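Remarks on the structure that follows.
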Amino acid sequence: MAIIGGGPAGLMAAEILSTANLKIDVYDAMPSVGRKFLLAGKGGMNLTHAEPFNDFLARYQSHASNLTRLLNDFNPDALQHWAHGLGIKTFVGSSGRVFPKDMKAAPLLRAWLHRLRASGVSFHSRHQWQGWVDNSQHLRFHTPEGERQIHADAIILALGGGSWKKLGSTGAWLSLLADQGVGVNALKPSNCGFNVTWNAYFREHFAGQPVKNVRLSLACPHKQGFKQAGEFIVTENGVEGGVIYALSALARERIESQGYAEIHIDLAPDKSIEYVINRLAQARGKQSLSNYLRKRLHLDTIKIALLREVLSLADFDDPAKLCTAIKQLPIRLTSTRPIDEAISTAGGVRFDALNDQLMINQLPGVFCAGEMLDWEAPTGGYLLTACFASGRAAGLGALTWLQSQQDNF
1 MAIIGGGPAG
11 LMAAEILSTA
21 NLKIDVYDAM
31 PSVGRKFLLA
41 GKGGMNLTHA
51 EPFNDFLARY
61 QSHASNLTRL
71 LNDFNPDALQ
81 HWAHGLGIKT
91 FVGSSGRVFP
101 KDMKAAPLLR
111 AWLHRLRASG
121 VSFHSRHQWQ
131 GWVDNSQHLR
141 FHTPEGERQI
151 HADAIILALG
161 GGSWKKLGST
171 GAWLSLLADQ
181 GVGVNALKPS
191 NCGFNVTWNA
201 YFREHFAGQP
211 VKNVRLSLAC
221 PHKQGFKQAG
231 EFIVTENGVE
241 GGVIYALSAL
251 ARERIESQGY
261 AEIHIDLAPD
271 KSIEYVINRL
281 AQARGKQSLS
291 NYLRKRLHLD
301 TIKIALLREV
311 LSLADFDDPA
321 KLCTAIKQLP
331 IRLTSTRPID
341 EAISTAGGVR
351 FDALNDQLMI
361 NQLPGVFCAG
371 EMLDWEAPTG
381 GYLLTACFAS
391 GRAAGLGALT
401 WLQSQQDNF
């Protein structure tokens, strides 16, 4: 039994299979497994989310129906219980996100790998999958010692998406599966930043600064739009950060359909437009307009700079247009940042190319799990939970298929 990919989905599949007294080999292209998992947890490992389950499912948007069974079978509560079984205590943060008590990924991964090795799972690092040998059950790997060919009775592919190539998620598997006639969709950046055409002065003086306490909205014809409070970061090339990542799927679709996505930023989300108008109705005397905005509305330097960046000089001096912009400042997103900068990816193996047990219809005995599948979700524990759940489902599917093969002889 070969599992290709040592991230959360592949390791969860290995755990399921390790209960069946099988010879299990996990192959990973990197020097060690779980590289992306460790980096994702560097700032605080967000395992899952504790919101009501129907709300949780809704976060997967158009992909929710494909993932419902998997997430029902391994829901956020089950994930927490699993972590507790590894000796990792969890807690629910004020936002509803679930974290290990020590906020770190490394202790969980160490305990998990120890349990897997104790169960007989073998790990093979620096094994880069190259596909099959003449359409047989023999797999080809590039290793530091040259090409290696391996026979496997069943295969679980858990190779990740196409972001963070330095950690092993290259997306090279896409063409290997397409060449076998497997239905796949192109990989696209998700939970990503976007390009904005800033002027040189703004880019030089404000890149890297956070814009806090705002509300972003994005209207979209024919479907529900986006509106969410949060913060983001101005970058040299555009914008990134929490609330930008949350709207990335919708913004990407708008860019694909019309060439750009226009978001609107409420720079004073806790104040009504009437309040803003009244506060700016008083004469400013000899104060500069920037100091006036700072004192009357408590707008900080970066928010005022954004107003100056977007508005013409005439509009900036027009009280009516200025008040409107403070509550609804338009920013045009021209394109996504490169896929390798994204936190995750959309696209991959289509669900209609798989059976209910995540086996590829075109390739009996070959299963897919994790970010290889065509789904996406926001950050906040949703990505990891679906990776764990799909790895578990693929492991169970492989067990069922192997048993069916034995029963046929």
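Taking this note's numbering, the leading residue of the sequence shown gets 1, the next gets one more, and so forth. No residue lacks a Cβ here, since even glycine has one placed at the ideal position from N, Cα and C. On a predicted model such as this, the values are computed, not experimentally measured, just so you know.
Under the DSSP assignment, Ala-13 falls in the alpha helix (DSSP H) whose first and last residues are 8-17.
The secondary-structure analysis by DSSP pairs Glu-262 across a beta bridge with Arg-332.
About 21 Å separates the CB atoms of Ile-339 and Ile-263; that is not less than 8 Å, and the two are not in contact.
Contact between Ile-273 and Lys-327 holds, since their C-beta atoms are separated by about 5 Å, short of 8 Å. Less than 8 Å separates the beta-carbon of Phe-123 from that of Val-26. Under the 8 Å Cβ criterion, the stretch 117-131 does not count as touching the stretch 88-106, having fewer than three qualifying pairs. Taken atom to atom, the span from the alpha-carbon of Asn-46 to that of Leu-289 is near 42 Å. Boundaries of the beta strand (DSSP E) around Gln-228: 226-234. Here Phe-367 is buried. Its C-beta has 16 or more other C-beta atoms within 10 Å. A Cβ-Cβ distance of about 6 Å is found for the pair Gly-238 and Gly-193, placing them in contact under the 8 Å criterion. The C-beta distance from Leu-57 to Ala-64 rounds to 5 Å, short enough to meet the 8 Å contact threshold.
Take the alpha-carbon of Ser-175 and the one of Gly-10: they are about 20 Å apart.
The Cβ atoms of Gly-391 and Thr-48 do not sit closer than 8 Å to each other. Under DSSP, Pro-210 shares a beta bridge with Ile-233. With a cut-off of 8 Å on Cβ pairs, the stretch 197-207 is not in contact with the stretch 355-363, counting fewer than three such pairs. Distance from the CA atom of Ala-342 to the CA atom of Ile-3, rounded to whole angstroms, is 25 Å.
Straight through space, the alpha carbons of Val-133 and Ala-249 are spaced by roughly 37 Å. Within the model, the alpha-carbon separation for Pro-8 versus Gly-34 is close to 7 Å. Its Cα nearest to that of Arg-252, the residue Ala-219 stands out among Ala-219, Ala-83, Lys-23, Gln-282. Two segments are said to touch when three or more pairs of C-beta atoms, one from each, lie closer than 8 Å; by this definition the stretch 208-215 touches the stretch 296-314. Counting only runs of at least 3 residues, the stretch 329-405 fully encloses the following beta strand (DSSP E) elements, listed from N- to C-terminal order: 329-333, 344-349, 366-368. For Val-243, the enclosing alpha helix (DSSP H) stretches over residues 242-246. Along the stretch 69-124, the beta strand (DSSP E) occurs as fully enclosed runs of 3 or more residues at 90-92, 97-100, 122-124, listed in sequence order. For Arg-140, the uninterrupted beta strand (DSSP E) segment begins and ends at 138-143. With a threshold of 16 other beta carbon atoms within 10 Å, Pro-364 falls short and is exposed. Counting only the Cα atoms, Ser-163 lies some 13 Å from Leu-383. When rounded, the separation of the alpha-carbon atoms in Gln-80 and Phe-74 is 10 Å. Selection Lys-295, Asp-374, Ala-398, Glu-236 evaluated against Val-182 yields Asp-374 as nearest (Cα-Cα).
In terms of Cβ geometry, Lys-36 and Gly-168 form a close pair [threshold 8 Å].
Taking C-beta separations shorter than 7 Å and ignoring five residues to either side along the sequence, the partners of Arg-296 in its chain run Arg-279, Leu-280, following chain order. In terms of Cβ geometry, Ala-118 and Leu-86 do not form a close pair [threshold 8 Å]. No Cβ-Cβ contact shorter than 8 Å links Arg-337 with Pro-144. Listed in chain order, the non-local C-beta contacts of Ala-346 below 6 Å within the same chain comprise Lys-188, Ser-190, Glu-376, local neighbours out to five positions each way being set aside.
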